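Report on the following structure.
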Amino acid sequence: MERTTVSGEPRSGKSTLLRALGRTSPGAKHSHIVYSLPDETLVRIAQAEGSAQVTPVKLSFEEVGGRSVAPIRESDCVVVVVRPEASQDATQASKEGIGQVYRWVDTAILEDLSVIEGAIPRLKKIAAAGDRHVSVVVEASQKLVSLLESQDIEAARNLARDTSLIPKEWGLVISKPLIVIVNIDESLATNAEKLQRLVADKLAKVATAVIASPLEIEAGLAEIAEADADTAAEMAAEFSIETPIATRLASAVLRALGLIVFYTANDKEARAWLLPEGSTALEAAGRIHSDMERGFIRAEVIPAKKLLEVGSLKEARRRGAVRLEGKSYVVRPEDVLFVRFNV
1270 MERTTVSGEP RSGKSTLLRA LGRTSPGAKH SHIVYSLPDE TLVRIAQAEG
1320 SAQVTPVKLS FEEVGGRSVA PIRESDCVVV VVRPEASQDA TQASKEGIGQ
1370 VYRWVDTAIL EDLSVIEGAI PRLKKIAAAG DRHVSVVVEA SQKLVSLLES
1420 QDIEAARNLA RDTSLIPKEW GLVISKPLIV IVNIDESLAT NAEKLQRLVA
1470 DKLAKVATAV IASPLEIEAG LAEIAEADAD TAAEMAAEFS IETPIATRLA
1520 SAVLRALGLI VFYTANDKEA RAWLLPEGST ALEAAGRIHS DMERGFIRAE
1570 VIPAKKLLEV GSLKEARRRG AVRLEGKSYV VRPEDVLFVR FNV
């Protein structure tokens, strides 16, 4: 399950964001939630195939303290929550939000520099003994130090993600996709889009995505929606909230991680799966079960939209709407896969 850490300064709204995602489960040190992505397509596929169980994609979100770095190193994606002063207009609020993001980035840089500079002396000794690969790692690490010190975030992130040059086990914070949530006051709710655009423009080389929203309102709407979805929708419209923060954030995480959703279905279960964009049918089979990857023969493939149009897999086969694809087929978003295998 993909893990996202939620960081930010004290009282920025980290816990409020998790409340907007659903009910949180307090852990020993942090709050944590597993968010199930609403998926109407999956529900309709389950109905078409008579599936007894529906299993949506799930994402893990964990709140961490402002100075807690270890959980971030182990995560796949980072969300930073910032909170401008309530009395400011959109332009001024965006400036303060940007300032808070850069303060967080400065802290992350210092933490990463500590890890890299602490490892370089040991690596140099290994390189001196004749290990050419480690020599390349040392050179890349020194270059990364220079990029971080000059705050060239975009170039530093690209280099830090190259696991052939920078050890993955370092878990550098700068290598993680960064999503910024601007927690605005209720008075700025109708100006959220303008504020979001201003922040996104200034953080284009730092943040993967920026979302501006009044989190206290979003959390309240999420609680109301559990009992009365219609009332929650009406209240959301009053604050110009077209799409819940949970949906927007989940989509941003998937885009940041380069993941697509594909489906499998039978009478027992209809399930949504995550897969790196550009992956093959063989890799998708491995995501489902290692036996499917090992004994892969062919994959029956049909777009979810087409399957729902014809009504069922049985009918799709009858009409010749299902394609047979081999190992190298590149899976597309919302493909429905039926893997033929033999072990």
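Straight run, no breaks: the sequence shown in my numbering ends on number 1612. Every residue gets a Cβ at the ideal spot worked out from N, C-alpha and C, and that includes glycine. Keep in mind it's a predicted model, so treat the numbers as computed, not measured.
Exercise for the section: Would you check if there are 3 or more beta carbon pairs closer than 8 Å linking the region 1498 to 1505 to the region 1279 to 1290? Expected result: Contact between the region 1498 to 1505 and the region 1279 to 1290 is absent, because fewer than three Cβ pairs lie under 8 Å.
Exercise for the section: For Val1599, count neighbouring Cβ atoms within 10 angstroms of its own Cβ and tell me buried if that reaches 16, exposed if not. Expected result: The residue in question, Val1599, is exposed, as its Cβ has fewer than 16 Cβ neighbours within 10 Å.
Exercise for the section: Answer yes or no: do Met1561 and Val1591 have a C-beta to C-beta separation smaller than 7 Å? Expected result: No, they are not a contact pair.
Exercise for the section: Assuming Phe1531 and Leu1593 form a contact by the criterion Cβ under 8 Å, report the distance between their Cβ atoms to the nearest whole angstrom. Expected result: Not a contact, Cβ separation roughly 16 Å.
Practice task
Please determine if the region 1337 to 1356 and the region 1449 to 1463 are in contact, where contact requires at least 3 C-beta pairs separated by less than 8 Å.
Solution key: With a cut-off of 8 Å on Cβ pairs, the region 1337 to 1356 is in contact with the region 1449 to 1463, counting three or more such pairs.
Problem - Per-residue burial, Gln1361 [other beta carbons within 10 Å of its own, 16 or more giving buried] - result: Result: exposed.
Exercise for the section: Give me the Cα-Cα distance between Ser1363 and Ile1453, rounded to the nearest whole angstrom. Expected result: For Ser1363 and Ile1453, the distance between alpha carbons rounds to 10 Å.
Exercise for the section: Could you tell me if Asp1431 is buried or exposed, where buried requires 16 or more neighbouring beta carbons within 10 angstroms of its beta carbon? Expected result: Flag for Asp1431 reads exposed.
Practice task
Taking the CB atoms as reference points, tell me whether Phe1610 and Gly1547 lie closer together than 7 Å.
Solution key: Result no, Cβ atoms of Phe1610 and Gly1547 do not sit closer than 7 Å.
Problem - Environment of Ala1632 [buried if 16+ CB atoms lie within 10 Å] - result: Here the chain has residues from 1270 to 1612 only, and residue 1632 is not among them.
Exercise for the section: Report, in whole angstroms, the separation of the C-beta atoms of Ser1276 and Val1384, which I expect to be a contact under 8 Å. Expected result: Contact flag wrong, Cβ pair sits at about 17 Å.
Practice task
Taking 7 Å as the cut-off, decide whether the C-beta atoms of Ala1488 and Arg1288 are in contact.
Solution key: In this structure, the beta-carbon distance from Ala1488 to Arg1288 falls below 7 Å.
Practice task
With distances taken Cα to Cα, identify the nearest neighbour of Pro1307 among Ile1566, Leu1518, Ala1568.
Solution key: Among Ile1566, Leu1518, Ala1568, the Cα nearest to that of Pro1307 belongs to Leu1518.
Problem - Cut-off 8 Å between Cβ atoms - residues of its own chain near Gly1595, not counting five sequence neighbours on either side - result: So the qualifying residues of the chain are Ala1550, Arg1567, Ala1568.
Practice task
Answer yes or no: do Lys1471 and Ile1367 have a C-beta to C-beta separation smaller than 7 Å?
Solution key: In this structure, the beta-carbon distance from Lys1471 to Ile1367 falls below 7 Å.
Exercise for the section: Alpha carbon to alpha carbon, how far is Thr1376 from Pro1545? Give it in angstroms, no decimals. Expected result: CA-to-CA, the gap between Pro1545 and Thr1376 works out to about 30 Å.
Handout entry: Completely contained alpha helix (DSSP H) runs for the region 1474 to 1512, where each covers 4 or more residues
Key = Whole alpha helix (DSSP H) segments, 4+ residues: 1484 to 1496, 1498 to 1507.
Handout entry: Strand pairing of Pro1545, partner residues [DSSP]
Key = In DSSP, Pro1545 forms a bridge with Leu1528.
Exercise for the section: Can you give me the Cβ contacts of Gly1580 inside the same chain, cut-off strictly under 7 Å, excluding the 5 residues immediately before and after it? Expected result: So the qualifying residues of the chain are Ala1317.
Handout entry: CA-to-CA distance, Val1442 to Glu1343, given in whole angstroms
Key = Glu1343 and Val1442 have their C-alpha atoms roughly 9 Å apart.
Handout entry: DSSP-derived helix/strand/coil call for Gly1277
Key = Reduced to three states, the DSSP call for Gly1277 is strand.
Problem - Local Cβ density within 10 Å of Ser1419, reported as buried at 16 or more and exposed below that - result: Classification of Ser1419: exposed, given that the 10 Å Cβ count is below 16.
Practice task
Could you pull out every residue in the same chain whose Cβ sits closer than 6 Å to the Cβ of Leu1543, ignoring the five residues on either side in sequence?
Solution key: Taken in chain order, the residues that qualify are Val1326, Leu1528.
Exercise for the section: Please go through the same chain and pick out, in chain order, the residues whose beta-carbon is closer than 8 Å to the beta-carbon of Phe1508, but skip the five residues on each side of it. Expected result: Hits under 8 Å: Glu1455, Ala1458, Thr1459, Pro1483, Ile1486.
Exercise for the section: Please name the residue in Leu1392, Lys1412, Val1414 whose C-alpha comes closest to that of Ser1404. Expected result: Residue Leu1392 is the option with its Cα nearest to Ser1404.
Exercise for the section: Write down the C-beta distance between Val1451 and Ala1481 rounded to the nearest angstrom, noting that I regard them as a contact closer than 8 Å. Expected result: By a beta-carbon distance limit of 8 Å, Val1451 contacts Ala1481. Their separation comes to about 4 Å.
Practice task
Quick one: using the 10 Å Cβ neighbour count with 16 as the cut-off for buried, is Arg1601 buried or exposed?
Solution key: That one is exposed.
Handout entry: Contacting residues, own chain, Cβ-Cβ under 6 Å from Ser1410 (five flanking each side not counted)
Key = Exclusion of the five residues before and after Ser1410 leaves Ile1385, Ile1389 as the residues of its chain whose Cβ lies within less than 6 Å of its Cβ.
Practice task
Mark Lys1445 as exposed unless 16 or more other C-beta atoms lie within 10 angstroms of its C-beta, in which case mark it buried.
Solution key: Label assigned to Lys1445: buried.
Exercise for the section: From the DSSP output, read off the bridge partner residues of Tyr1304. Expected result: Checking the DSSP bridge columns, you'll see Tyr1304 partnered with Leu1328.
Exercise for the section: For the alpha helix (DSSP H) containing Ala1553, list its first residue and its last residue. Expected result: For Ala1553, the enclosing alpha helix (DSSP H) starts and ends at 1550 to 1557.
Problem - Asp1470 - containing alpha helix (DSSP H), residue span - result: Taken as a continuous stretch (DSSP letters only), the alpha helix (DSSP H) holding Asp1470 covers 1461 to 1471.
Exercise for the section: Leaving out five residues on either side along the sequence, give the residues of the same chain with a beta carbon under 6 Å from the beta carbon of Val1303. Expected result: If the five residues before and after Val1303 are omitted, its C-beta is found closer than 6 Å to the C-beta atoms of Lys1327, Ser1329, all from its own chain and listed in chain order.
Exercise for the section: Assign Gln1361 to one of three DSSP states: helix, strand, or coil. Expected result: In the displayed model, Gln1361 falls within a helix according to three-state DSSP.
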